[in-house]
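Numbering (my numbering), first residue to last: 46 to 282.
Structure first, then comments.
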């Protein structure tokens with residue numbers, strides 16, 4: 046186990062995403078990583094593929110991801126990026142942990158919503174990744190409002206909760222409601238990355254609103270709704 050760093054610089058980014066264009070999206074993610082210069086950069090749900098019921102599952106060895114791997118190597122960052130990923134005999138909505146050494150699928154969305162059901166295969170377990178000794182619990186969109194999921198993730202002795210989301214513009218207020226509840230239950234900071242701009246699945250526009258809350262539930266910084274925006278801060282253990 047890595048000794049926990051006394052501080053951790055974290056960021057939430059909402060890159061320009063082109064549905065179905067993995068290479069272009071990886072390049073946009075790489076640009077965001079370089080701009081953020083954070084140890085941990087959190088991206089929205091399905092940020093690498095675009096939110097779509099038809100998204101192709103991403104292979105962790107796909108050379109289209111190389112620009113993002115290179116950016117993480119250059120900056121020393123870990124990126125948590127969203128994508129459709131292989132799962133059992135189908136696809137899941139997942140999180141890829143991207144480092145300078147490569148890419149791993151670290152989480153698959155457990156609580157699917159609406160049209161996702163029957164198209165994507167749900168994950169079955171919560172997940173934690175370690176970044177500079179900090180234990181980071183992971184959620185994706187609907188997971189962040191499910192009591193059992195939140196409780197199980199917090200029970201994994203996490204130091205930080207991170208999630209990517211896709212919401213419509215009028216739903217951005219929900220981010221604060223969910224984040225403050227997680228902070229209150231676990232006394233941990235929360236990082237939410239919100240999708241910005243149009244994407245598939247009927248989302249002609251999304252809310253952006255990526256933000257970081259401290260362990261007391263205070264919103265430290267929040268982005269607007271523009272694609273390409275990012276926010277970052279230094280968290281203390």
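Ideal placement from N, C-alpha and C gives every residue a C-beta, glycine not left out.
Small disclaimer: the values here were computed from a predicted structure and weren't measured.
Cutoff 7 Å; reference residue i; Cβ partners in own chain excluding five residues on either side
i           : result
residue 82  : 120
residue 191 : 156
residue 118 : 145
residue 327 : Only positions 46 to 282 of the chain appear in this structure, which leaves residue 327 out of reach.
residue 164 : 98
Of the listed residues the options, nearest to residue i (C-alpha basis)
i           : options            : result
residue 263 : 221, 168, 100, 186 : 221
residue 182 : 251, 209, 59       : 209
residue 187 : 212, 170, 199      : 212
residue 150 : 103, 47, 241, 281  : 103
residue 70  : 50, 231, 272       : 272
residue 84  : 55, 63, 61         : 55
residue 158 : 180, 144, 189, 148 : 189
residue 123 : 163, 166, 74       : 74
residue 77  : 58, 89, 62, 68     : 58
residue 231 : 194, 162, 266, 242 : 194
residue 116 : 199, 79, 277, 163  : 79
residue 114 : 199, 265, 241, 68  : 68
residue 170 : 164, 163, 199, 162 : 199
residue 166 : 129, 172, 224      : 129
Environment of residue i [buried if 16+ CB atoms lie within 10 Å]
i           : result
residue 93  : buried
residue 275 : buried
residue 279 : exposed
residue 86  : buried
residue 132 : buried
residue 135 : exposed
residue 196 : exposed
residue 112 : buried
residue 305 : Missing from the structure shown is residue 305; the chain here goes from 46 to 282 and no further.
residue 47  : exposed
residue 89  : buried
residue 60  : buried
residue 62  : buried
residue 162 : exposed
Distance between beta carbons of residue j and residue i, contact taken as under 8 Å
i           : j           : result
residue 125 : residue 100 : Actually they do not touch by this definition, with Cβ atoms about 17 Å apart.
residue 185 : residue 127 : 7 Å
Close beta carbons around residue i, own chain, < 8 Å, minus the five adjacent residues each side
i           : result
residue 229 : 262
residue 246 : 96, 97, 98, 160, 211
residue 168 : 132, 137, 139, 152, 153, 154, 155
residue 214 : 250, 251, 252, 270
residue 217 : 239, 252, 253, 254, 270
residue 64  : 94, 95, 96, 97, 100, 244, 245
residue 281 : 51, 52
The ligand GTP heavy atom lying under 7 Å from the CB of residue i
i           : result
residue 126 : This structure lacks the ligand GTP, and indeed carries no ligand of any kind.
Beta-carbon contacts of residue i that lie in its chain and below 6 Å, excluding the five residues immediately before and after
i           : result
residue 50  : 177, 178
residue 265 : 257, 259, 278
residue 242 : 272
**the region 252-261 in contact with the region 228-235 per 3-pair CB rule at 8 Å** = yes
**Asked** Between the region 176-193 and the region 241-258, are three or more C-beta pairs nearer than 8 Å?
**Response** no
- Message: Pairs of beta-carbons, one from the region 193-210 and one from the region 105-113, closer than 8 Å: are there three or more?
- Response: no
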